[in-house]
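Line by line, the protein sequences are chains A and B.
FYI, the numbering for the first sequence is -9 to 317, going by my numbering.
FYI, the numbering for the second sequence is 91 to 195, going by my numbering.
Take a look at the structure below.
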Amino acid sequence: MTTYKVSKGTPVAFRDSAYPTSYPSPNEGELFYNGSSGAFQFIGVGGGAWSSGASFPAAYVGRGAAGPLNASIFFGGITGGSVSANTELYNGTAWTETANLNTAAFMFCPAKQGTQTAALAASGSINSADLARNELWDGSSWTEVGDLSNTHAYADGAGTSTASLAIGRGPNPNSLVESWNGSSWTEVGDINDGRYFNSAAGTQTAALTFSGAPGNPPAFTANTEVWNGSSWTEVNNLNTARSTGGGFGTQTSALMVTGYTPTVIANTESWNGTSWTEVADVATGRTRPGSTGASGAEGIIGGGQPSGGASVEEWAFAHPVKTIDVS
Amino acid sequence: MNYKYSIKENWGKTSTDQFIKHEDRLQFHIEGHPGNVWVTEDNVHGGRWIARHSAVVKTKSQAQTIVTDIVDDAKDTWDNDNVDGETSAEKITRLGTKPVDITLP
């Protein structure tokens, strides 16, 4: 229980440990004495920010990804000039290499609400051709499952490994959307503005797509559309039109990260279900990153061009806890 | 805003430390560029970040030269990577857009 001791007229909170850094904290701005460490500490003003994640084992471009920040799976991509089948799991601290995809590919249409034990690598490109094939991850290996009707390489996906959407398609911008029920794909309602190099978030029945190339590159758009399970509706645009960025979250809490404008930007925007608000930039602007996250409150972005390399950044809300040196 | 320029390889995150911490981002501006060039806000927190990492401090001109040399090499690589019969749009789809000049703040 928190008690208060008066030192020269200023109440100071007394705790037997540091405050948790979870956000938001009712103790923001509070000076306290940590009886366990014997130090005065201060819980600072919190907020959303990007910080470094553990680097990929190598530099990558165009990786697929699924899952929340601290339990995500990343697969494929281009590394060292070659298309890769590598798959790695992230626990918030380190990457663990696991079983490869059956077919090396990049620029997937991943179901980003998937998990480390149930993910879907939809479509993708092998550079010489774009794929309609899909692979399902069961926690230990990838298995090829039913093909899409069309390729959706260079676009993006939403949903889980058993209920997902492939939204848009390249290499020429297209409005096509296909829905996966765990065993087969069905064409559903088109998006209003055909595009590729777009980002997406949400589920099979409540999805969101934003940004992208509505024409041959280097084109880019701020357009945002929501899916209610049967049709797409245009809603408020991003503040900054872009393509080839990262994006993740839900239909009511999503993040748009980096992209091409036609310069490479570090800009991040947050979606609250109604509108986009500019928030803190990533440290390194990039295009074609891999990205995933459970919501607009937490996520991960890694790799990409021109200088994403192997670097990974994590988005989270927290309060800094500072120790005050009184010696 | 004034900036400092330094060079340090991004080592990411371990179980006990991060190259760029969450609280760093709440205290000063930092941006990464090709060549492990870091541009940090010229305040006490940015200065502490440089010291914490023993980053090699550069002048703006030196840092710009490092970035420009790498971007120029990337442009040449992009120009020389061609596939017979490929359209401009197809090349951009395959490789990404041609690298563009970066001007440090």
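Beta carbons are placed, not taken as given, at the ideal position from N, Cα and C, and that holds for glycine.
Bear in mind the structure is a predicted one, so any value in this text is a computation, not a measurement.
Remark: fewer than three beta-carbon pairs, one from each stretch, lie closer than 8 Å, so the stretch 25 to 35 of chain A and the stretch 91 to 110 of chain B are not flagged as touching. Against chain B, a Cβ distance below 9 Å from residue 40 of chain A picks out 110, 112, 115. With three or more CB-CB distances shorter than 8 Å, the stretch 130 to 139 of chain A counts as touching the stretch 74 to 90 of chain A.
In terms of CA proximity to residue 60 of chain A, A:282 leads the group A:253, A:245, A:73, A:282.
Contact between the stretch 138 to 158 of chain A and the stretch 92 to 100 of chain A is established, with three or more Cβ pairs separated by less than 8 Å.
Between residue 64 of chain A and residue 55 of chain A a beta carbon distance of about 5 Å is seen, short of the 8 Å cut, so the two are scored as contacting.
Less than 9 Å separates the beta-carbon of residue 25 of chain A from that of residue 5 of chain A. Below the 8 Å Cβ cutoff, chain B contributes 184 as neighbours of residue 117 of chain A, in chain order. Contact check between the stretch 171 to 180 of chain A and the stretch 237 to 246 of chain A: fewer than three CB pairs, one atom from each, fall below 8 Å, which does not count as touching. One alpha carbon belongs to residue 105 of chain B, the other to residue 310 of chain A, and they sit about 17 Å apart. Scanning its chain for C-beta atoms nearer than 7 Å, with the 5 sequence neighbours on each side dropped, one finds around residue 250 of chain A the residues 208, 210, 232, 233, 234, 277, in chain order. Taking each of B:146, B:186, B:180 in turn and checking the Cα distance to residue 165 of chain B, the smallest one comes out for B:186. By the CB criterion at 9 Å, residue 190 of chain A and residue 199 of chain A fall inside the cutoff. When rounded, the separation of the alpha-carbon atoms in residue 79 of chain A and residue 151 of chain A is 16 Å.
Runs of the beta strand (DSSP E) lying entirely within the stretch 219 to 301 of chain A and spanning at least 3 residues, in chain order: 222 to 225, 236 to 239, 244 to 250, 254 to 261, 266 to 269, 280 to 285, 288 to 292. The alpha-carbon separation between residue 2 of chain A and residue 113 of chain B amounts to approximately 23 Å. With its beta carbon less than 9 Å from one in chain A, residue 120 of chain B belongs to the interface. Contact between residue 109 of chain A and residue 138 of chain A does not hold, since their C-beta atoms are separated by about 16 Å, which reaches or exceeds 8 Å.
Straight across, the Cα-Cα distance linking residue 17 of chain A with residue 267 of chain A is about 26 Å. For residue 253 of chain A, the C-beta contacts it makes with chain B under 7 Å involve 190, in order along the chain. Of all residues in the stretch 295 to 309 of chain A, only 295, 296, 297, 301, 302, 306, 308 come within less than 7 Å of chain B when Cβ atoms are compared, listed by chain position. Bridge partners of residue 85 of chain A according to DSSP: A:80. In the three-state DSSP reduction, residue 153 of chain B falls in the helix class (H, G or I).
Remark: C-beta atoms of residue 296 of chain A and residue 247 of chain A do not approach each other more closely than 9 Å.
For residue 155 of chain B, the closest Cβ of chain A is not nearer than 9 Å. Excluding the 5 residues flanking it on each side, residue 174 of chain A has same chain C-beta neighbours closer than 6 Å at 136, in chain order. Its chain contains 109, 122, 126 as the residues whose beta carbon lies nearer than 7 Å to that of residue 100 of chain B, once the 5 sequence neighbours on both sides are disregarded; these appear in chain order.
Scanning chain B for C-beta atoms nearer than 7 Å to the C-beta of residue 206 of chain A yields 179, reported in chain order. The continuous stretches of beta strand (DSSP E) do not include residue 212 of chain A, and DSSP gives it neither H nor E. At a cut-off of 9 Å between beta-carbon atoms, residue 260 of chain A makes no contact with chain B. Residue-level contact by beta carbon holds for residue 271 of chain A and chain B, with a gap shorter than 9 Å.
Within the stretch 271 to 292 of chain A, contact with chain B at the beta-carbon level (separation under 8 Å) is assigned to 271, 273, 274, 275, 277, 278. Residue 80 of chain A does not reach chain B, its nearest Cβ partner there being about 10 Å away, counting only Cβ pairs nearer than 9 Å. Using beta-carbon distances, residue 102 of chain A does not count as an interface residue toward chain B, since no partner is under 9 Å. Within chain B, no C-beta atom comes less than 8 Å from the C-beta of residue 74 of chain A; the nearest is roughly 16 Å away. Relative to the Cα of residue 27 of chain A, the nearest Cα in the group A:119, A:105, A:8, A:237 belongs to A:8.
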